[in-house]
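Heads up, the thing below is written out as structure tokens.
Residue numbers (full-length UniProt numbering): 1 to 529.
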């Protein structure tokens, strides 16, 4: 795609000579040709915008087994999935996409142990070796997955992001070597539009049930540069932790995050499209999220998100088909600065008497206040966090309950991470103790809202989720003083309006060493032209 754009730009710069010229004129014209040619190529090689694609893939799963199947059987399954991915890649390229992201586990599925995943793994070299598998498929052994992905990228002139398994042999000289003599990694790879392997990332924060994989010895922060911006990538559960996710933005200044995921939606605050779009806004970057499509496990929700608003998103619990999304993004998006406590710290908290109540939201005990009027101003506090809400409903329905809630504490279920959350949400039933339960539909519309909190962190992710699990692009905004507020009456009934904050420094266990930045700069930053 990039080569085609350069050629198009060159043709627009040049026009044929239609009359005889003497030698001096030809020489002068030639110099002008060269100067304009260089200008055109330089301008075309640095694009202000690009077209991104993500594919939500209905993965074909292997038969469940605790023992390894023959390599050929594993390859056959992976090629069936690649056949589907190939269709999406070709379609995206024909529509002008520069880059496409495919999901975590999208080539072989899940439910493996260390032995049963092994036939699906390949040895993925360090991208610094400068390798185009399509041109030299056997340079690092037999790697048909990498060869096929490389050829797909090269033949369609598109960057491809895929998730596959990496294997690295080890022996007794390595005290950390697993007993089976190898490391196995959940791995993202990127092939550029010439088919070259330009990036490899080993997932740092493994989720429950990923015992088939190892955590990398040295944490990895992986970036690469393109004519359309600087990219970083991480995988699924990584998004909830500081490293590498925040480090990529804060210290490595990437423009766009690539995010293969196998995300199981958890309401009210961790639905895929809800949280991923909020992370893009909170961090001020583009975010390309490609999820698996498997409704039986609540896996759906992919999107192309800019810092100011979602550009395209997909949520579908009803059908079994995959979905290709495309959208245009700025190559270097603007990152606004927000002081998340400025506004809220100036509001005096009013006494609530005995009106507060406790209820559980995803295993955490929130402090809530019921919203009792069609309009109002409420404050609720827990530990160091006070949340302030002003709102106006279209009407106060008698069959729905909304509440303002707050949580300031350590979440300790599927991971350990400290949260500060302010949330306006719909309760599942009229029973106040249902506030925080999963609910997907609502009827109450809000004319306006303004939500803020006395956050102890700069990492706050603003969420607005409407009935039927829909986003509200262009309908709300975050102010520089830390208010999440509506720009107009919302287009649908509200499920939740939330400020989801992370206090990384209060997580009990640091999962990455302090010299991460220097280490990553020297060993894990890849450049491509």
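Yeah, the Cβ is synthetic: ideal placement off N, Cα and C, and Gly gets one too.
Review point. Tell me, which residues are paired with residue 406 by DSSP?
Key: Counted from its first residue, the chain shown places residue 406 at position 406. Secondary-structure assignment with DSSP links residue 406 through a beta bridge to 367 and 422.
Exercise for review: State buried or exposed for residue 346, treating a residue as buried only when at least 16 other CB atoms are found within 10 Å of its CB.
Suggested key: The sequence position of residue 346 within the chain shown is 346, counting from 1. When all chains shown are included, residue 346 counts as exposed.
Point to revise | Three CB pairs or more closer than 8 Å across the region 99-108 and the region 48-57 | key: Contact between the region 99-108 and the region 48-57 is established, with three or more Cβ pairs separated by less than 8 Å.
**Study point:** Supposed close pair residue 156, residue 93 - CB separation, criterion 8 Å
**Key:** The residue given as residue 156 occupies position 156 in the chain shown. The residue given as residue 93 occupies position 93 in the chain shown. Contact between residue 156 and residue 93 is confirmed by a C-beta separation of about 4 Å, below the 8 Å threshold.
Review point. What's the gap between the Cα of residue 436 and the Cα of residue 464?
Key: Counted from its first residue, the chain shown places residue 436 at position 436. Counted from its first residue, the chain shown places residue 464 at position 464. Approximately 15 Å, taken between the alpha carbons.
Practice item. Grab me the residues of residue 531's own chain with a C-beta within less than 8 Å of its C-beta, minus the 5 sequence neighbours each way, in chain order. Key: With the chain represented from 1 up to 529, any question about residue 531 goes unanswered, as that position is not in the structure.
Point to revise | Secondary structure of residue 283, DSSP reduced to three states | key: The count along the chain shown starts at 1 and reaches residue 283 at position 283. Per DSSP, reduced to three states, the secondary structure at residue 283 is helical.
**Study point:** Through-space distance from residue 85 to residue 119, alpha-carbon basis
**Key:** Here residue 119 refers to the residue found at position 119 when the chain shown is read from its first residue. Here residue 85 refers to the residue found at position 85 when the chain shown is read from its first residue. Taking C-alpha positions only, residue 119 is separated from residue 85 by approximately 20 Å.
Check your understanding: Where does residue 222 land, buried or exposed, given buried means 16+ other C-beta within 10 angstroms?
Key -> What you label residue 222 is simply residue 222 of the chain shown in a count that begins at 1. Buried.
Review point. Which parts of the region 120-189 are runs of the beta strand (DSSP E), unbroken and 3 residues or longer, counting only runs that do not cross its ends?
Key: Runs of the beta strand (DSSP E) inside the region 120-189: 159-169.
Check your understanding: Rounded to a whole number of angstroms, what is the C-alpha to C-alpha distance between residue 172 and residue 166?
Key -> Numbered from 1 along the chain shown, position 172 holds the residue referred to as residue 172. Numbered from 1 along the chain shown, position 166 holds the residue referred to as residue 166. Straight across, the Cα-Cα distance linking residue 172 with residue 166 is about 20 Å.
Point to revise | Separation of residue 478 from residue 189, as counted between CA atoms | key: As a working mapping, residue 189 is identified with position 189 in the chain shown. As a working mapping, residue 478 is identified with position 478 in the chain shown. Straight across, the Cα-Cα distance linking residue 189 with residue 478 is about 34 Å.
Check your understanding: In chain order, what residues of the same chain have a beta carbon less than 6 Å from the beta carbon of residue 39, not counting five sequence neighbours either side?
Key -> Position 39 of the chain shown holds residue 39. Only weak support exists for where residue 39 lies, its pLDDT of 38 falling under 50; the coordinates are left without a value.
**Study point:** Rounded straight-line distance, which links the Cα of residue 382 to that of residue 466
**Key:** Here residue 466 refers to the residue found at position 466 when the chain shown is read from its first residue. Here residue 382 refers to the residue found at position 382 when the chain shown is read from its first residue. Here the alpha carbons of residue 382 and residue 466 stand approximately 26 Å from one another.
Practice item. Could you check which residue in 249, 257 and 217 has the C-alpha nearest to that of residue 235? Key: Numbered from 1 along the chain shown, position 235 holds the residue referred to as residue 235. Answer by Cα proximity: 257.
Practice item. Answer yes or no: do residue 457 and residue 424 have a C-beta to C-beta separation smaller than 7 Å? Key: Residue mapping note: residue 457 aligns to position 457 of the chain shown, counting from 1. Residue mapping note: residue 424 aligns to position 424 of the chain shown, counting from 1. Contact: no.
Review point. Does the pairing of the region 109-123 with the region 241-250 give three or more beta-carbon distances under 8 Å?
Key: Because the criterion of three Cβ pairs below 8 Å is not met, the region 109-123 and the region 241-250 do not touch.
Review point. Just reading off the beta strand (DSSP E) that residue 477 is part of, what are its end residues?
Key: For the purposes of this step, residue 477 is taken as the residue at position 477 of the chain shown. Note, residue 477: beta strand (DSSP E), 476-478.
Review point. Where does residue 77 land, buried or exposed, given buried means 16+ other C-beta within 10 angstroms?
Key: For the purposes of this step, residue 77 is identified with residue 77 of the chain shown, where counting begins at 1. A buried status is given to residue 77, since no fewer than 16 other beta-carbon atoms sit within 10 Å of its beta-carbon.
Check your understanding: Looking only at C-alpha atoms, which of 274, 313 and 203 sits nearest to residue 241?
Key -> The sequence position of residue 241 within the chain shown is 241, counting from 1. Among 274, 313 and 203, the Cα nearest to that of residue 241 is on 203.
Point to revise | Burial state of residue 335 (16 or more Cβ within 10 Å) | key: Residue numbering aside, residue 335 sits at position 335 when the chain shown is read from its first letter. Residue 335 is exposed by the Cβ-count criterion.
Review point. If residue 213 sits next to residue 184, beta carbons under 8 Å apart, how far is it from one beta carbon to the other, in whole angstroms?
Key: Sequence index remark: in the chain shown, residue 213 carries index 213 (1-based). Sequence index remark: in the chain shown, residue 184 carries index 184 (1-based). Confirmed, Cβ separation roughly 5 Å.
Check your understanding: Roughly how many angstroms lie between the CA atoms of residue 169 and residue 182, to the nearest whole one?
Key -> Taking the first residue of the chain shown as position 1, residue 169 is located at position 169. Taking the first residue of the chain shown as position 1, residue 182 is located at position 182. So the two alpha carbons sit approximately 4 Å from each other.
Exercise for review: Flag this pair as yes or no: are the beta carbons of residue 449 and residue 391 separated by less than 7 Å?
Suggested key: Here residue 449 is taken as the residue at index 449 of the chain shown, counted from 1. Here residue 391 is taken as the residue at index 391 of the chain shown, counted from 1. Less than 7 Å separates the beta-carbon of residue 449 from that of residue 391.
Review point. With burial defined as no fewer than 16 other Cβ atoms inside 10 Å of the residue's Cβ, what is the status of residue 553: buried or exposed?
Key: No statement about residue 553 is possible, as the shown extent of the chain runs from 1 to 529 and does not include it.
Exercise for review: Would you check if the distance between the CB atom of residue 124 and the CB atom of residue 187 is smaller than 7 Å?
Suggested key: For the purposes of this step, residue 124 is identified with residue 124 of the chain shown, where counting begins at 1. For the purposes of this step, residue 187 is identified with residue 187 of the chain shown, where counting begins at 1. Taking 7 Å as the cut-off, the Cβ atoms of residue 124 and residue 187 count as close.
Review point. Distance, Cα to Cα, residue 142 vs residue 269?
Key: In the chain shown, residue 142 corresponds to position 142, counting from 1. In the chain shown, residue 269 corresponds to position 269, counting from 1. Approximately 44 Å, taken between the alpha carbons.
**Study point:** Proximity to residue 407 [Cα-Cα], best of 370, 194, 495 and 453
**Key:** For the purposes of this step, residue 407 is identified with residue 407 of the chain shown, where counting begins at 1. Comparing Cα positions, the closest option is 453.
Review point. Measuring CB to CB, does residue 298 end up less than 7 Å from residue 264?
Key: Translated into positions along the chain shown, residue 298 becomes position 298. Translated into positions along the chain shown, residue 264 becomes position 264. Yes, the pair counts as a contact, with Cβ atoms nearer than the cut-off.
Practice item. Just confirm the distance between the C-beta atoms of residue 280 and residue 306, as a whole number of angstroms; I'd bet it's less than 8 Å. Key: To locate residue 280, count along the chain shown from 1; it is residue 280. To locate residue 306, count along the chain shown from 1; it is residue 306. The beta-carbon distance between residue 280 and residue 306, rounded to whole angstroms, is 7 Å. This is short enough to meet the 8 Å contact definition.
**Study point:** Reference residue 255, options 217, 226 and 178, closest by Cα
**Key:** The residue you call residue 255 lines up with position 255 of the chain shown. The residue with the shortest Cα to Cα distance from residue 255 is 226.
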